[in-house]
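**Student:** Under the working numbering, the first residue of the sequence shown carries the number 2, and numbering increases by one thereafter.
Where is the CB? At the ideal position from N, CA and C, for every residue including glycine.
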Amino acid sequence: AASIPLGLRPDVMITESTYATTIRSSKRQKELDLCRKIQEALDAGGKVLVPVLMMGRAQELCLICEKHWARAGLHYPIRIIRGMAERAIKFFRLFSSWSSDLVRKADNPFSFPHMSLCDVSDVIE
Numbered sequence: 002a003a004s005i006p007l008g009l010r011p012d013v014m015i016t017e018s019t020y021a022t023t024i025r026s027s028k029r030q031k032e033l034d035l036c037r038k039i040q041e042a043l044d045a046g047g048k049v050l051v052p053v054l055m056m057g058r059a060q061e062l063c064l065i066c067e068k069h070w071a072r073a074g075l076h077y078p079i080r081i082i083r084g085m086a087e088r089a090i091k092f093f094r095l096f097s098s099w100s101s102d103l104v105r106k107a108d109n110p111f112s113f114p115h116m117s118l119c120d121v122s123d124v125i126e
């Protein structure tokens with residue numbers, strides 16, 4: 002956290018406050034809300050497409066969904082399009098020792114039983 006040096010008494014302090022008046026929910030709550038929205042769409046017979054540009058985010062989303070699927074006893078298939086995601090999963094598995102304690106302590110953190118790799122032509126009609 003920033004601090005003001007002792008003895009310095011500013012007359013005006015300008016801070017960044019883009020979300021100063023916004024009350025935001027916790028990260029865990031946002032993850033739960035996302036999983037519930039996905040589940041609602043699937044329960045209604047819909048399909049969900051989540052484009053993810055960053056591999057770290059894609060892996061995080063895989064972990065979040067896998068955990069929710071297991072907890073909720075869901076059996077909907079999750080498809081991951083081959084390419085960067087496939088290579089990223091291999092690297093994450095290779096360097097799993099660099100993960101957080103929580104991820105490392107999981108049985109097999111980068112094994113996603115509800116997910117399968119597919120080609121883009123398999124999911125685009």
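1) Would you call F93 buried or exposed, if buried means 16 or more other Cβ atoms sit within 10 Å of its Cβ?
2) Which partner residues of I90 appear in the DSSP bridge assignment?
3) Evaluate contact between the stretch 13 to 25 and the stretch 51 to 61, counting only Cβ atoms and requiring at least three cross-stretch pairs below 8 Å.
4) Out of L103, D44, T16, L7, which has the shortest C-alpha to C-alpha gap to W70?
5) Within its chain, find whatever has a CB closer than 6 Å to the CB of V121; leave out the 5 residues flanking it on each side and keep chain order.
6) Mapping DSSP to helix, strand and coil, what is S98?
7) Compute the Euclidean distance between the alpha carbons of R37 and C119, then round it to the nearest angstrom.
8) Closest to K48 by CA distance: which of I5, S101, K106, R80 is it?
9) Got a sec? Which residues, its chain only, sit under 8 Å from H115 by beta carbon, not counting five neighbours each side?
10) Let's test the definition: count the other Cβ atoms within 10 Å of the Cβ of L95 and tell me whether it reaches 16, buried, or not, exposed.
11) Does DSSP classify M14 as helix, strand or coil?
12) Look at the Cβ atom of L62, then the Cβ atom of V53, and state whether they are nearer than 7 Å.
13) I need the DSSP call for S117, collapsed to helix, strand or coil.
**Tutor:** If we stick to the structure as given:
1) Translated into positions along the sequence shown, residue 93 becomes position 92. Answer is buried; the Cβ neighbour count reaches 16.
2) Start at 1 with the first residue of the sequence shown, and residue 90 comes out as number 89. Paired residues: none, contrary to the question.
3) no
4) One-based indexing of the sequence shown puts residue 70 at position 69. Out of L103, D44, T16, L7, D44 has the C-alpha closest to the C-alpha of W70.
5) Residue 121 sits at position 120 when you count from the first residue of the sequence shown. I82.
6) Position 97 of the sequence shown, counted from the first residue, corresponds to residue 98. Residue state, collapsed to three classes: helix.
7) Against the sequence shown, residue 37 aligns to sequence position 36. Against the sequence shown, residue 119 aligns to sequence position 118. Rounded to the nearest angstrom, the two C-alpha atoms are 24 Å apart.
8) If you number the sequence shown from 1, residue 48 lands on position 47. For the residues I5, S101, K106, R80, the minimum Cα distance to K48 belongs to R80.
9) Here residue 115 refers to the residue found at position 114 of the sequence shown. Once the five neighbours on either side are set aside, the close Cβ partners of H115 are C66, E67, W70, A71, L75, H76, Y77, P78, I79.
10) Translated into positions along the sequence shown, residue 95 becomes position 94. Classification of L95: exposed, given that the 10 Å Cβ count is below 16.
11) On the sequence shown, residue 14 is found 13 positions in, with the first residue counted as 1. Looking at M14 - three-state DSSP - the assignment turns out to be coil, as it is neither helix nor strand.
12) Translated into positions along the sequence shown, residue 62 becomes position 61. Translated into positions along the sequence shown, residue 53 becomes position 52. Closer than 7 Å, so yes.
13) Residue numbering aside, residue 117 sits at position 116 when the sequence shown is read from its first letter. Three-state DSSP puts S117 in a strand.
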